[in-house]
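For the sequence shown, the UniProt record's numbering gives the first residue as 1, with consecutive numbering after it. Please read the structure below before turning to the comments.
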Amino acid sequence: MHLLSNSDENLFKCSFCNKSFSRKLTLHRHLHVHSNEKVFKCSVCNKVFSRKGYLNKHLLLHTNDKLFKCSVCNKSFATKHYVYIHLRVHSNDKLFKCSLC
1 MHLLSNSDEN LFKCSFCNKS FSRKLTLHRH LHVHSNEKVF KCSVCNKVFS RKGYLNKHLL
61 LHTNDKLFKC SVCNKSFATK HYVYIHLRVH SNDKLFKCSL C
């Protein structure tokens with residue numbers, strides 16, 4: 001796959017950023033990055049997304065299938081990524097510092 005990304009076979013070029021792709025479908029998916037168009041709507045909360053994959057990941061929030069648990073507090077999450085984000089709660093590492101404190 002890496003060889004493909006560095007070859008001259010990337011025939012489909014984005015007219016906005018000149019990034020090129022080997023498949024027309026991949027270029028088409030990429031073009032959503034440059035538009036504010038959000039066409040995929042959550043049927044539960046009406047939140048909208050620019051990509052179907054983003055909607056599918058979001059839909060996991062509405063399910064009761066929370067298969068991933070925090071190793072510190074046993075709180076459950078729909079994805080491993082959400083556990084990773086949650087783990088910051090248990091850390092002393094602060095990503096942002098208050099300018100007033």
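Think of the CB as a built atom: it goes at the ideal place given N, C-alpha and C, for glycine as much as any other residue. This one's a predicted model, so the numbers in the text were calculated from it and none came from an experiment.
Query	Result
Check each candidate in Glu37, Lys57 and Lys47 and name the one with the smallest Cα separation from Asp65.	Lys57
Run through DSSP, which three-state label would residue 104 get?	One cannot answer for residue 104 here, as it falls past the ends of the chain, which runs 1 to 101.
Can you name, in chain order, every residue of its own chain whose Cβ lies under 6 Å from the Cβ of Lys13, other than the five neighbours on each side?	Ser20
Report the residue ranges of all alpha helix (DSSP H) runs contained in full by the stretch 20-66; include only those spanning at least 4 residues, in chain order.	24-31 and 52-59
For a test of the three-state rule: what should DSSP assign to Lys75, helix, strand or coil?	coil
Pick from Ser76, Asn74, Ser15 and Lys41: whose alpha carbon is nearest that of Val33?	Ser15
On the three-state DSSP scale, how would you describe Lys80?	helix
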